[in-house]
Every structure is written in C-alpha cells, then in structure tokens.
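Residue numbers (UniProt numbering): 1 to 989.
Notes for the one structure printed next.
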Amino acid sequence: MELQGQPHPLRFQVLGPVQAWRGEQQLALGSPQQQAVLVALLLNHGRPVTTQDLVDGLWGDRPPPQAVAALRTYVSRLRALIEPDREVRAPAELLVSVSDGYALRIAPESLDLSVFEHELANAAVAKTEGDYRRAHRLLASALSLWTGRPLAGIPGPHADAHRSRLAERQISAGEERCAAALEIGLHAETVTELSSLAAEHPLREGLRELLMLALYRCGRQAEALGVYADTRKLLIEELGVEPGAGLASMHSRILAADPTLMPAPADSRSVDQEEAAAFVPPAQLPADVSDFSGRTELVEELRDVLRSGSGQAVVVTSLAGIGGVGKTTLAVHLAHSIRSEFPDGQLYVDLRGPSASPADPAVVLGDFLYALGSTETPDTLEQRAALYRSLLADRRMLILLDNAKDARQLSPLIPGVSGSAVLVTSRSRLADLAGAHLVDVEELTPDEALALFSAIVGSQRVEAEPEAALAVVTACGFLPLAVRIAAARLASRPRWSVSDLARRLADQRRRLHELQLGNLAVETTIGLGYGQLQPAEARAFRLLSLVDSPDLPLEAVAALLGTDEEEAESLAEALVEANMLECFTPGRYRYHDLLRLFAQRQNEKLKDTGEQQQSLLRLLDTLLATMRNAARALEPDDVLPETLHRPVSAGTRIADRPAAQAWMRTELALVLSTIEAAVQEPLELLRPAVDLLTVLNSLVEDPTHGQRIRVALATAEANARPHGDRAALARISLALGFLQHVAGEYSDAELSFRRSLELQGPGDRTHLRIAAANLLAVVIFLADRPAEALPFFEQARAISGSLGATVSEARLLGNIARAYLGVGQPTDAARSARAAVTAARASGNIPCLADTLYQLGVVLRSTGSPGEAAPHLREAHQLYQAEQRRIWEGYSLARLAACLLADGQYAEAAEAADESLAIAQELDAAYCQGLANAALGEALLKLGQPARGLACLQEALAVFTRLGVPEVLPVQDLIEQQQHTEPAAPPAP
Numbered sequence: 001m002e003l004q005g006q007p008h009p010l011r012f013q014v015l016g017p018v019q020a021w022r023g024e025q026q027l028a029l030g031s032p033q034q035q036a037v038l039v040a041l042l043l044n045h046g047r048p049v050t051t052q053d054l055v056d057g058l059w060g061d062r063p064p065p066q067a068v069a070a071l072r073t074y075v076s077r078l079r080a081l082i083e084p085d086r087e088v089r090a091p092a093e094l095l096v097s098v099s100d101g102y103a104l105r106i107a108p109e110s111l112d113l114s115v116f117e118h119e120l121a122n123a124a125v126a127k128t129e130g131d132y133r134r135a136h137r138l139l140a141s142a143l144s145l146w147t148g149r150p151l152a153g154i155p156g157p158h159a160d161a162h163r164s165r166l167a168e169r170q171i172s173a174g175e176e177r178c179a180a181a182l183e184i185g186l187h188a189e190t191v192t193e194l195s196s197l198a199a200e201h202p203l204r205e206g207l208r209e210l211l212m213l214a215l216y217r218c219g220r221q222a223e224a225l226g227v228y229a230d231t232r233k234l235l236i237e238e239l240g241v242e243p244g245a246g247l248a249s250m251h252s253r254i255l256a257a258d259p260t261l262m263p264a265p266a267d268s269r270s271v272d273q274e275e276a277a278a279f280v281p282p283a284q285l286p287a288d289v290s291d292f293s294g295r296t297e298l299v300e301e302l303r304d305v306l307r308s309g310s311g312q313a314v315v316v317t318s319l320a321g322i323g324g325v326g327k328t329t330l331a332v333h334l335a336h337s338i339r340s341e342f343p344d345g346q347l348y349v350d351l352r353g354p355s356a357s358p359a360d361p362a363v364v365l366g367d368f369l370y371a372l373g374s375t376e377t378p379d380t381l382e383q384r385a386a387l388y389r390s391l392l393a394d395r396r397m398l399i400l401l402d403n404a405k406d407a408r409q410l411s412p413l414i415p416g417v418s419g420s421a422v423l424v425t426s427r428s429r430l431a432d433l434a435g436a437h438l439v440d441v442e443e444l445t446p447d448e449a450l451a452l453f454s455a456i457v458g459s460q461r462v463e464a465e466p467e468a469a470l471a472v473v474t475a476c477g478f479l480p481l482a483v484r485i486a487a488a489r490l491a492s493r494p495r496w497s498v499s500d501l502a503r504r505l506a507d508q509r510r511r512l513h514e515l516q517l518g519n520l521a522v523e524t525t526i527g528l529g530y531g532q533l534q535p536a537e538a539r540a541f542r543l544l545s546l547v548d549s550p551d552l553p554l555e556a557v558a559a560l561l562g563t564d565e566e567e568a569e570s571l572a573e574a575l576v577e578a579n580m581l582e583c584f585t586p587g588r589y590r591y592h593d594l595l596r597l598f599a600q601r602q603n604e605k606l607k608d609t610g611e612q613q614q615s616l617l618r619l620l621d622t623l624l625a626t627m628r629n630a631a632r633a634l635e636p637d638d639v640l641p642e643t644l645h646r647p648v649s650a651g652t653r654i655a656d657r658p659a660a661q662a663w664m665r666t667e668l669a670l671v672l673s674t675i676e677a678a679v680q681e682p683l684e685l686l687r688p689a690v691d692l693l694t695v696l697n698s699l700v701e702d703p704t705h706g707q708r709i710r711v712a713l714a715t716a717e718a719n720a721r722p723h724g725d726r727a728a729l730a731r732i733s734l735a736l737g738f739l740q741h742v743a744g745e746y747s748d749a750e751l752s753f754r755r756s757l758e759l760q761g762p763g764d765r766t767h768l769r770i771a772a773a774n775l776l777a778v779v780i781f782l783a784d785r786p787a788e789a790l791p792f793f794e795q796a797r798a799i800s801g802s803l804g805a806t807v808s809e810a811r812l813l814g815n816i817a818r819a820y821l822g823v824g825q826p827t828d829a830a831r832s833a834r835a836a837v838t839a840a841r842a843s844g845n846i847p848c849l850a851d852t853l854y855q856l857g858v859v860l861r862s863t864g865s866p867g868e869a870a871p872h873l874r875e876a877h878q879l880y881q882a883e884q885r886r887i888w889e890g891y892s893l894a895r896l897a898a899c900l901l902a903d904g905q906y907a908e909a910a911e912a913a914d915e916s917l918a919i920a921q922e923l924d925a926a927y928c929q930g931l932a933n934a935a936l937g938e939a940l941l942k943l944g945q946p947a948r949g950l951a952c953l954q955e956a957l958a959v960f961t962r963l964g965v966p967e968v969l970p971v972q973d974l975i976e977q978q979q980h981t982e983p984a985a986p987p988a989p
C-alpha cells in the first residue's frame with residue numbers, strides 16, 4: 001500500500017481505526033470531523049467529491065452555520081499533512097480542488113481497502129480457474145489487512161453507511177475463505193473460525209451450512225446435525241421462516257451420508273513439490289471481531305509485553321478469566337494488532353481445555369509442523385516437540401494457544417528460544433506455567449459494556465433508552481459474552497425496545513435462559529468450567545450459592561461446607577484458580593452474578609434438599625452464635641430474648657465493642673441474605689432464622705434495612721403459621737412491631753406487640769416478655785396514653801427484677817419516669833429517672849447509661865429544669881456518638897435543642913436541631929424529624945428568620961399529625977401565634 005516514487009511513501013488504513021503513515025512515521029490526522037473528510041475522499045478512490053456531498057456526509061441534514069468554511073479548514077490542514085514539503089502557493093498534487101469539490105489522488109496500493117478489493121478480485125479469478133489453494137491464500141491475505149471495526153470513531157452519515165457496507169464485505173470474505181479452505185481439505189482447521197463467525201452472525205445460513213460440512217468432514221456428524229436443529233429453531237423464532245434450500249439440502253445429505261460431501265483425494269492436504277519448496281508463512285488467526293470494545297489500556301500493555309522479547313527466554317503471556325469474559329476475543333484482537341511484527345506467521349489452535357476431550361499436544365504439534373512446511377511428522381510427542389522447536393529457532397512467529405487446560409498440555413507447544421511470542425488463554429490461572437506473564441481478564445466496565453452493546457444494537461436505540469441499556473448490561477454482569485448475546489437478540493428483534501429486553505433479564509430465574517442465541521449460551525459456557533471441577537470442588541461451588549450475599553467470609557464458607565477453615569480455604573482457593581469464584585480480599589469470596597445463578601440452578605437440578613438445608617442450618621447456627629457474642633461485647637450485662645434454637649457452634653470470637661461494631665457493619669449483608677434464604681425453608685431452619693432476626697433487631701437500630709427485614713418477616717410468618725408455632729410467631733410479631741415503631745407506625749406497632757404478648761401466654765416470665773411489654777408501653781405512651789402505658793412498664797420491671805436483669809430494670813425505671821410525667825406526677829418522674837441513672841452507672845453498662853441519661857434529661861426539661869437537663873443530654877449524646885447509635889444521637893440532639901431554647905440559647909439550639917434533623921433525614925426516622933423540625937423552627941423564629949422557621953414548624957406539624965402524638969398541640973399553637981404576629985426585628989448582634 002505504498003505510493004511509489006515518493007521519498008516517504010504514504011499509506012492509509014480504513015479497515016479498522018483510520019490511520020495514515022509517511023514511511024514509518026504515523027500521522028496525526030486531527031479531529032474526528034477532519035478524519036471524516038479524509039475518509040470520504042479516500043473511499044471515492046480519486047473521484048471528485050462535491051462540497052455539498054462532503055457537508056451532507058459529515059453533518060447530514062443539520063450542518064453548522066459555517067459548515068463550508070469548516071470544511072475548507074479541514075481540507076487545508078489535510079493538505080499540509082499529506083504534502084508537508086509543498087511550497088507556499090504551489091498547486092496541490094494529491095488533495096486537489098476539482099470544480100466544486102475535491103479529489104484525493106493516490107496510488108491504489110496506498111489504501112488498504114483498494115488492496116483488499118484487489119486481492120478479493122484475484123481470489124475470485126482463482127476460484128473460477130479451480131485453483132482453490134491460491135484463492136484461499138489470497139483471501140487470507142486480504143482479511144489480514146483488517147485491524148478492527150472499519151472507520152472506527154468516524155462520525156457522520158457517510159461513514160455510517162460505508163461502515164455497514166465494509167463490515168458486510170469482511171463477513172462475506174471470511175465466508176469465502178472458509179469455503180475455499182474446505183475445498184482444499186482444511187476442514188479441521190476451519191471449524192473454530194466457522195463456529196466463531198456463525199455465533200457472531202447467527203442468521204447467516206451460508207456460514208451455518210459451511211460449519212455443518214466442516215463438522216461432518218471431521219467425523220462430528222451429531223454436532224453437524226445439532227447446528228441445523230439450532231439454526232432451524234432460531235429462524236422460526238426470530239423470523240418465522242424455515243431454513244433455506246442450501247441449509248436444508250446439507251441437512252438431508254448428511255442424514256443420507258452422501259459420499260460426495262467428503263473431500264476428493266485431489267483436495268487432500270498434500271501439496272506438490274513446487275509448493276512445498278516455497279514456504280508460505282501460516283496465517284491461522286481467526287477473524288477479528290468488528291465491534292471489539294474497551295480494554296484499551298490492557299491491549300496496549302499486552303502489546304508491549306509480547307513485543308518485548310529479549311535474551312534467550314520466549315515471551316509467554318497467559319490470559320485467565322471466567323467463561324464468557326472475552327479472553328479469546330481479546331487474544332485474537334491483540335494478535336491481529338501486532339501480527340505485522342511477526343513476519344514468519346501466526347499459529348493458532350483451540351486446545352479445548354474446558355471440554356470433555358482436550359486437544360492432544362502430539363496431534364497439535366503434527367498440525368503445526370505441517371503448517372511450518374515440514375514434510376515429516378515424527379511418531380512420538382518428544383520427537384515432534386524437538387522438531388517444532390528446531391523449525392521455530394530462527395523464526396519470529398506469534399503462537400496463539402486458545403482454551404488451554406493446564407501447563408502440562410502447554411509445555412510441548414512452547415518454543416525453545418526467544419524470537420517468537422506465545423499468547424495463551426485459559427480458565428485457570430496457570431500459575432505453574434514457568435516464566436509466564438499472568439493476566440486476569442475481568443469483566444468490562446459499565447461504559448465498555450454499553451459501548452459493546454451499542455455497537456451491536458445501534459447507538460440510536462441505546463441513546464433513546466440509556467437507563468434500560470444500563471440495566472441490560474448490569475443484568476449481564478458486564479460479561480462480554482452475555483452482553484453480546486443480549487445485544488444480538490435485541491438487534492434481531494426490531495419490534496423490541498431496550499426496556500423489553502431489560503424486563504426479561506430482570507427475572508433472575510429466567511436470566512440464563514434469556515442469555516442464549518443459536519449456538520451461543522452463557523449457561524453452556526459456564527457449564528464447561530463447572531464440568532472440569534473435582535467432585536468436592538463442584539459441591540463447594542453449589543453450596544456456597546445458597547446465600548445471595550455480596551461475599552462470604554471464610555467462617556461462612558466453612559459453615560456452609562461443613563469443614564474446618566483450612567479445608568474450606570483450600571476448596572475456595574481451588575475455585576478461585578478455576579475462575580469459578582472470585583477473591584479480591586484475602587479470606588473473602590464472591591461469585592460473579594451469572595455464576596451464582598448457574599450454581600443455584602445446579603442445586604435445583606440436583607434436588608438434594610437435605611444436604612442444602614443442613615448446609616444452611618450450619619451457617620445459621622454460626623451466625624446466631626456470633627451475633628450473640630457481638631451482643632455480649634456491646635452490652636456485657638444485657639440479656640437477649642430466649643432463643644428457639646440452641647447454637648452448637650461457638651461462633652466467631654468478638655473481643656470488644658469496636659470489634660463487635662466492625663463485625664456487624666461487615667457481615668450485616670450476609671446475615672440478612674441468610675435470613676432471607678432460611679425463612680423460606682422448613683421449621684428446622686425457620687426457627688434459627690427467627691432467632692437471628694430477633695437478635696438483629698436488638699443490635700441494629702439503622703432503619704434503612706427495614707423493608708428488607710419486613711419482607712423476610714412476612715415470609716417467616718406465612719411459613720410458621722401452618723405449624724402453629726406460637727413461640728416463633730411471638731418473636732416475629734415482636735420484630736415486626738419494632739420496625740413499625742422505628743418507622744413511626746405506632747398503631748400498627750401496638751397491634752404487633754399486643755399480638756406478641758398474647759402468643760407468649762400470661763404466665764411467661766421471660767426476657768422476651770420483658771421486651772414485648774416494654775415496647776408496647778412505649779408506643780402507647782407515644783400515643784398520649786401514659787396511664788395505659790404505666791402497667792405494662794411495671795409488668796416488664798417486675799419480671800426483670802425476678803430474673804435479676806438489672807440493666808433492663810434500669811432502662812425500665814427511665815421509661816416509667818416518662819410515664820409518671822405523662823400522668824402528672826413530676827416528683828415521682830424525677831425520682832424514678834434519677835434512680836435509673838444511678839442503677840445504670842452502678843451496672844457499668846454504657847448503652848444503658850446513655851439511655852437513662854437521655855430519659856433523665858427529658859424529664860428534667862419537662863419539669864422546668866432545662867439548665868439541669870442539658871448536661872445529662874450532652875453526656876447521653878457523647879455516649880451515643882461513641883457507640884455509633886445514630887438514631888439516638890438524633891433524639892438526644894433534638895431534646896438538647898429544646899433545653900437550649902428554654903434557656904434562651906437560640907443559636908446553639910438551632911445548631912443542635914439542625915444536626916439532629918440531618919441524622920433523622922438520613923435514617924428516615926419520622927418522630928425524630930418532627931422533634932428536630934419543631935426545635936429548629938422555634939429557634940429560627942427567635943433568631944428573626946420567620947419564613948424558614950414557619951416552614952420547619954409546618955413540617956413538624958405534618959409529621960406529628962401523621963404519627964398521632966401529643967406534640968401536635970404545642971407546634972400548632974406556635975404556628976398560629978406566628979401567623980397573627982408582626983415579623984420581629986432580628987436581635988442585635
């Protein structure tokens with residue numbers, strides 16, 4: 001592709017990213033629009049292009065106001081780039097002005113497209129003459145010019161139209177090359193390429209027909225017939241038509257064992273002496289995909305590695321990753337991008353590592369020796385490997401070993417000395433492959449996945465529904481194979497919207513079924529890796545998927561597998577090596593989303609519910625024991641409600657309060673996921689799951705997980721009710737009431753707590769009854785019925801005393817103080833609140849002390865002693881902060897703000913209320929929002945900000961009205977006073 005007679009010949013490339021060179025120097029072609037002008041001129045092959053055609057091709061029907069001026073600027077810059085030595089005012093020789101337009105006059109061999117078309121024309125002549133071997137060489141040479149998606153990155157309708165035409169030309173040429181290969185007996189070598197092309201273009205019947213013929217000639221008749229069956233099903237589903245005559249005929253001929261399907265003796269792989277004497281460098285790389293997307297930095301890094309061969313060692317690079325992550329696509333694209341640097345050719349083989357019959361290295365070496373021009377094939381593997389190394393010793397070749405099983409299979413295929421480079425793909429990491437540069441190929445980034453999806457379905461459909469497109473690629477786990485299948489399905493269904501596809505993929509139970517098209521299926525690809533696992537590894541792979549947790553700590557892995565942690569780690573790491581599990585943090589393991597769905601489907605197919613339930617029970621047991629350990633570390637003297645399931649495991653040891661808080665933060669998702677899985681199971685699992693929910697409610701005050709827990713509780717109740725399990729139902733009602741209480745749903749909470757007490761029985765003297773009676777009293781008190789609440793507080797206190805639960809008794813004294821206040825007994829209220837603080841300090845229980853200080857502060861402020869109340873509330877707030885009890889931080893700040901208001905400290909009150917409101921809004925805690933808005937509104941009124949103050953008061957009124965609490969009245973009074981009062985002047989500074 002050189003312009004002869006020039007000191008620095010020009011070369012242009014459009015069969016991939018648009019590029020140009022002068023000699024060995026690559027030219028900077030400027031902006032995408034400037035490149036689009038160059039492309040329009042190049043594709044016209046020296047013929048003039050009018051100014052109007054260039055404007056239309058670049059901007060379509062929406063050109064900018066100065067389109068012609070911009071076009072002239074682009075042409076001027078291109079001229080300077082193409083003819084840098086042209087003198088000023090000298091006429092251009094290459095990019096010339098022609099009437100109302102321009103023409104780029106270069107030799108045909110300067111443009112890769114012209115060379116491509118010339119090679120195709122010569123191949124057509126060779127086929128006409130019956131010289132299929134020459135036709136095959138010419139077609140291979142033509143296709144080797146492609147370096148990626150044609151006209152990549154070039155904007156405008158002109159480029160879009162030509163991009164589609166060129167892509168179709170590449171596919172057709174690939175099909176022609178495969179047909180020529182079959183004519184000369186290269187059926188075994190062609191199967192992989194045909195499989196790839198047929199998968200990429202599932203509706204091209206010609207490719208499927210050739211694939212059937214190649215498989216049949218390789219003795220794989222069943223697979224050939226399977227291709228027909230899959231194609232027929234696809235055509236009927238997608239287009240509503242039967243296969244065409246050619247495909248149907250091939251099917252019939254295979255069924256009839258037509259002898260003419262086999263190659264004639266003249267078509268065998270033998271060559272005459274003249275061809276044997278002239279070695280033709282092998283070019284065995286499969287076709288590069290036209291829509292390769294992303295991985296720019298990785299490709300550049302790998303290019304540098306493969307080109308860096310020095311010294312005596314051969315460069316070996318191994319790409320590892322889960323099935324469908326795009327290892328082969330990446331390797332082929334990478335190999336094509338550097339093939340020119342390996343002038344002695346490229347070898348390729350699919351080693352079929354994940355299959356039931358991996359390729360025999362001896363057979364592979366036989367094929368490689370033939371491709372290298374050897375006229376002899378030694379008998380033994382060792383002899384073949386020695387001859388192979390000898391033939392490569394003085395050559396610079398690129399060898400792509402795809403889908404390797406292990407290092408043992410690879411070793412004979414590695415050259416002996418430097419010069420050549422080896423690129424390997426495998427599902428395993430091949431850590432024992434000596435001297436290899438190991439690279440983990442990960443999923444695409446969201447942007448890369450969207451780019452791939454857009455390249456297949458078209459940018460207009462994606463731009464019209466960007467959120468749905470992101471949902472699709474997210475459901476695909478950003479796995480290239482899954483994205484490609486989903487996009488191909490959508491591309492072949494013009495009546496579907498992107499949202500239609502997103503809805504289908506949203507159903508996890510059907511997602512793997514949706515991700516298949518023709519011969520391509522994510523489930524099949526993952527299944528190949530699963531089939532390579534040892535029985536113990538396969539069992540671990542299945543059982544670890546029983547819980548939909550983002551990741552699993554080693555303790556959970558051991559519990560699910562029923563082993564000690566050492567054996568559990570060994571099995572988990574084996575799965576990591578096989579790329580069936582991921583480990584980004586030592587000791588923590590996770591699935592790719594689609595692998596988890598596959599593992600769960602295997603559990604369903606196996607139907608060994610006994611083992612699965614025992615596995616889940618072991619995890620519940622471990623988590624329940626650990627949660628109780630965390631509770632003891634958080635509140636050493638507090639007593640949790642009695643459990644229905646007595647843990648067998650000792651659980652993870654929790655050393656102190658910070659360790660307990662850290663464990664709860666880290667493992668909360670695991671606990672919730674385990675509960676969700678267990679509440680759907682028999683009573684044997686349901687009961688420990690209910691225990692776990694009860695402990696969880698007592699330790700986690702963050703309401704942001706409330707809806708998820710409510711769904712689990714509803715499922716648990718539905719499963720416990722048919723068994724008449726009153727003990728479980730009592731705990732479920734208690735847990736539900738707690739969530740309703742936190743959310744400000746006081747009427748519903750009251751019903752739940754009453755139901756819990758009824759289910760327990762009147763004579764029960766348990767910690768569970770203490771919790772239910774106390775919480776029932778709290779919500780009755782909040783409903784402004786303190787006299788009704790007081791007996792329940794007293795009942796809970798009496799049981800606490802009989803059980804020696806001093807911490808519970810101290811808290812109840814604080815609650816009783818609030819009830820005394822409500823019934824108009826302020827002296828008894830203050831006495832009870834002070835006794836609560838004294839008992840809490842004596843117990844040494846910090847959380848209890850914080851709660852009783854809070855109650856004392858509220859009582860003192862309500863009895864007219866805000867100055868005395870404030871220090872208690874400040875101390876409570878500090879303790880809540882230290883314990884990271886966010887919701888109670890908010891409450892204590894709101895109460896402190898009310899004290900500061902009463903004491904005339906308006907600015908300080910506004911600051912405390914504002915901080916309280918931020919916490920309440922973050923946690924969606926309604927009652928706390930009401931208290932904070934009420935205090936903030938009143939403080940702002942005092943500070944001369946009536947508009948903002950009134951808005952806060954109205955917010956508080958709305959919350960209190962919805963909750964039905966007595967705080968409605970004072971807020972209503974403030975609002976009415978403000979509406980009938982002239983705006984006050986702001987206070988003096």
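Yeah, the Cβ is synthetic: ideal placement off N, Cα and C, and Gly gets one too.
Since this is a predicted model, take the numbers as computed values, not measurements.
Backbone secondary structure at residue i - three-state DSSP
i: Ser426; result: strand
i: Pro987; result: Interpretation of Pro987 is limited by its pLDDT of 40, a score under 50 that renders its predicted location unreliable; no figure is taken from the coordinates.
i: Val441; result: coil
i: Gly964; result: coil
i: Ser649; result: coil
i: Val314; result: coil
i: Val103; result: The question names Val, but residue 103 is Ala in the sequence shown. Correct three-state label for Ala103: strand.
Where the alpha helix (DSSP H) through residue i begins and ends
i: Ile675; result: 657-678
i: Trp888; result: 886-902
i: Glu209; result: 205-217
i: Gly930; result: 926-942
i: Arg134; result: 132-143
i: Glu463; result: 459-464
When the options are compared against residue i, the one with the closest alpha-carbon
i: Pro155; options: Leu444, Ser733, Glu908, Gly60; result: Gly60
i: residue 995; options: Gln284, Arg384, Gln409, Ala224; result: It is not possible to answer for residue 995, since the shown part of the chain is limited to 1 through 989.
i: Met262; options: Glu301, Ile184, Ala907, Ala407; result: Ile184
i: Leu896; options: Ala882, Ala939, Ala926; result: Ala939
i: Glu514; options: Glu442, Leu533, Phe598; result: Phe598
Whole-Å CB distance - residue i paired with residue j, under 8 Å assumed
i: Met397; j: Asp344; result: 5 Å
i: Val241; j: Leu234; result: At roughly 11 Å, the Cβ-Cβ gap does not stay under 8 Å, so Val241 and Leu234 are not in contact.
i: Ser916; j: Ala932; result: 4 Å
i: Pro79; j: His136; result: The displayed chain sequence assigns Arg, not Pro, to residue 79. About 41 Å; that fails the 8 Å criterion.
Same chain, Cβ closer than 7 Å to residue i, five either side skipped, listed in chain order
i: Asp851; result: Arg811, Gly814
i: Ala278; result: Residue placement at Ala278 is poorly supported in this model, since its pLDDT is 48, which falls under 50; the coordinates are not used for a value here.
i: residue 993; result: The structure shown does not extend to residue 993, since the chain spans only 1 to 989, so no value can be given for it.
Residues near residue i by beta carbon distance below 6 Å, same chain, minus five either side
i: Ala393; result: Val417
Boundaries of the beta strand (DSSP E) in which residue i is found, first to last residue
i: Val349; result: 346-350
i: Trp21; result: 19-22
i: Ala404; result: 398-404
Sequence-distant residues of its chain with Cβ nearer than 8 Å to residue i (five each side left out)
i: residue 1001; result: There is simply no residue 1001 to check, as the chain begins at 1 and stops at 989 in what is shown.
i: Asp973; result: none
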